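Participant: Let me begin by handing over the structure; questions about it come next.
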Amino acid sequence: MSEAFIKVENVCFSYKDDNDEDIPVLKNVSFEIQKGEFVVVLGHNGSGKSTLAKLLNMILAPASGKIVIDGLDITSDQMTDDEVYSVRQRIGMVFQNPDNQLVSSVVEEDVAFGPENLGVEPEEIRKRVDGALAEVGMTEFARHSPAQLSGGQKQRVAIAGIIAMLPECIVFDEATSMLDPSGRKDVMRAIEKLNKEKGITVIHITHNMNEAVNADRVIVINEGHVCMNNKPKAVFSNVSKLHQIGLDVPQVTELIYELKKYGITLPSDIIDIDEGAEALASLFG
Amino acid sequence: MIRDITLGQFFPGNSVIHRLDPRMKIILTVVFIVFIFLAESAVSYALMFLAVVLLLIISKLPLKPVLRGIKPIMFIIVFTAVINIFWTKGDHLLVEWKFIHIYAEGLLFAFYMVLRIVCLITGTSILLTYTTSPINLTDGIEQLLAPLKKIKLPVHEFSMMMSIALRFIPTLIEETDKIMNAQKARGADFTSGSLLRRAKALIPVLIPLFVSSIRRADDLATAMECRCYRGGSGRTRMKSLKYKALDFIFLFITVLMCAGVVLINIYLPVLVV
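Going down the list, the sequences are from chains A and B.
Sequential numbering of the first sequence, starting at -5, is according to the working numbering.
Sequential numbering of the second sequence, starting at 10, is according to the working numbering.
What follows is the structure, given as structure tokens:
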């Protein structure tokens, strides 16, 4: 097997509280992510998942451990400024609050912000901006002000702003958690399209289980540890363990789980609504 | 109530004025102000008024909101007019009643002063705020001030701050509305009582607003860092500003008008009544 794109090895991180005491957030976290993968990171509030995201593009530095991105050790002391910016260009990041990440009062100017910082030529920026806006279906809003857009639209503009920097991987840090259901659906569709069509590696941090169903892999983080790291089916079939750490499972899985408690024989790895419907239908012959 | 506040109101459009380079518009505005203060005689005032009317026509702006722009300075206009009417002395006495003396010269001066103020406000607003998007305006300022970078003035940072402030005005207005509604739902009263009481009632609005703004600023800084922001050095722009022939034509006309007013002042001295 080839070298993993992102390799996180025994990473620890802690914040200081008001009394200057260390509060550990991540404890010995290790995992690998392959190029082109769609990985969902689950965990409830305070589990350290957002901290993890900020470590990946060097907004924060781990207390100990090693993070290697495409062969480059980003935790080494010898990182030059240029290398730091190249890591941030390759690993884009979309945050939770759509309002707090848009810089400009014109949509297309905002999308151009990243490439402008990278010193890209004006004609090339124009091309990238138009391409990125088309990619997320926001072309017709290019001249609008972000204030006129809905949450989902703003978030898609934020995604376009990252795409315009031509990243290889995008980390979505709870990017859907503040959106209404339709905005969330649009954003999820844009994310999936980026992963499938452009081969961009996606790390999607969320606490919405339904968004994890179609992932290639699910990493569950609890109290700073990686407690599960497997295919969605394998993770969600472990209903009792997820409940123990305070996480839900997709509604279908929950239903099947409850039915099984009453002794009804059903497969335990159902995470998809259609699958669930079929399994139930087959019960009645 | 809070939604009525418009700052640097911009009317999108595609007129000749809209298409002027923002840097040139700032220069033109300065020249135009000089022009207005040079005007002294009836002919120059007529020229000045004509210039503003022409600006209004070619900018294709709706008349109503432009006129409404005069409202906030109504007090200054009335004050100036009153001062000029009652305190100007001349040869042609019109009204004499007790201590009040109104001269024809006073009326004329008042008229000229009002005309001057109105032309100053509408002219500069048409040239700048009404026809230039805030982002173009900050770009223009940044590039005009670029030479000051040589003496280590943070020109780029200043314009970045301005454009971020402009970007967040609607967001913060929305937020203020939300907080006010939340406080109203808890029984806060913003509309009755003495001025002091009402000012005090605003404290529970301002504190959450400040806290959330600081949090926003922190988030935004992280997001900007993630997008490789590192100040002005090595940064390119998608739209670089370029002077066009049109810009120089406008500059030429405005400078010509200035020169004209100076000549009028010399050869057609003040024509009063």
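Beta carbons: idealized from backbone N, C-alpha and C, even for Gly.
Computed from a predicted structure; not experimentally measured.
(1) Report all residues from its chain with a CB closer than 6 Å to the CB of I14/B; omit the five preceding and five following residues, and keep chain order.
(2) Can you find a CB in chain B that lies within less than 8 Å of the CB of P116/A?
(3) Rounded to whole angstroms, what's the CA-CA distance from T131/B to K209/B? Just pull it up for me.
(4) Rounded to the nearest angstrom, what separates A128/A and A174/B at their Cα positions?
(5) Assuming contact is defined by CB atoms lying nearer than 8 Å, are S53/B and I273/B in contact in what I supplied?
(6) In the structure shown, what three-state DSSP assignment does K48/A receive?
(7) I want to verify the contact list: residues of chain B whose CB lies under 8 Å from the CB of I63/A, in sequence order.
(8) Shortest alpha-carbon distance to G149/B belongs to which of F19/B, L29/B, V25/B, V270/B?
(9) Assess contact between the segment -4 to 9 of chain A and the segment 165 to 173 of chain A, defined as three or more Cβ pairs (one per stretch) separated by less than 8 Å. Is contact present?
(10) Could you tell me the boundaries of the alpha helix (DSSP H) in which G155/A lies?
(11) How about the segment 96 to 104 of chain A and the segment 122 to 142 of chain A: do they share at least three Cβ pairs that are nearer than 8 Å?
(12) Can you confirm whether G269/B, when its beta carbon is compared against all beta carbons of chain A, has any partner nearer than 8 Å?
(13) Name the DSSP beta bridge partners of E248/A, please?
(14) Consult DSSP for H6/B and reduce its assignment to one of helix, strand or coil.
(15) Under 8 Å by Cβ, that's how I've got M159/A and P109/A pegged, so tell me the actual separation to the nearest angstrom.
(16) Quick check: the Cα distance between L72/B and A136/A, rounded to an integer number of angstroms?
(17) Which residue wins for smallest C-alpha separation from V196/A, given the options V246/A, I68/A, G86/A?
(18) I'd like to know if S134/B contacts chain A, where contact means its C-beta is closer than 8 Å to some C-beta of that chain.
(19) Spell out a yes or no on whether the segment 205 to 223 of chain A and the segment 33 to 46 of chain A are touching, meaning 3 or more CB-CB pairs, one atom from each, closer than 8 Å.
(20) From the DSSP output, in three-state form, read off L103/B for me.
(21) Kindly indicate the opening and closing residues of the alpha helix (DSSP H) around K73/B.
(22) Is the number of C-beta pairs between the segment 222 to 232 of chain A and the segment 255 to 264 of chain A that are closer than 8 Å three or more?
(23) Starting from R195/B, follow the beta strand (DSSP E) in both directions and report where the run begins and ends.
(24) Give the secondary structure of E168/A by DSSP, where H, G and I count as helix, E and B as strand, and everything else as coil.
(25) With H, G and I counted as helix, E and B as strand and the rest as coil, what does DSSP make of G86/A?
(26) Looking only at its chain, what residues have a beta carbon closer than 8 Å to the beta carbon of L137/B, apart from the 5 residues adjacent to it on each side?
(27) Would you kindly work out how many angstroms separate the C-alpha atoms of C267/B and V61/B, rounded to a whole number?
(28) So if DSSP puts M222/A in a beta bridge, which residue, or which two residues, is it bridged to?
(29) Pull the bridge partners of I199/A from the DSSP assignment, please.
(30) Which class does F257/B belong to by DSSP, given the choice of helix, strand or coil?
(31) Cutting at 6 Å between CB atoms, please list the residues of its own chain near M222/A, excluding the five before and the five after it.
(32) For T200/B, count the other beta carbons within 10 Å of its own beta carbon; 16 or more makes it buried, fewer makes it exposed. Which is it?
Facilitator: Taking the geometry as given:
(1) The predicted position of I14/B is uncertain, since its pLDDT is 42 and thus under 50; a value taken from the coordinates is nonetheless stated next. Closer than 6 Å at Cβ, skipping near neighbours: no residue.
(2) yes
(3) 37 Å
(4) 28 Å
(5) yes
(6) helix
(7) None at all; the shortest Cβ gap to chain B is about 15 Å.
(8) L29/B
(9) no
(10) 145 to 157
(11) yes
(12) no
(13) Note: E248/A sits in no beta bridge, so no partner.
(14) This structure leaves residue 6/B out entirely; chain B is present only between 10 and 282.
(15) 6 Å
(16) 28 Å
(17) G86/A
(18) no
(19) yes
(20) strand
(21) 72 to 77
(22) yes
(23) No beta strand (DSSP E) holds R195/B; DSSP gives it neither H nor E.
(24) coil
(25) strand
(26) K34, I35, T38, L146
(27) 14 Å
(28) V214/A
(29) V35/A, D167/A
(30) helix
(31) V214, V229
(32) exposed
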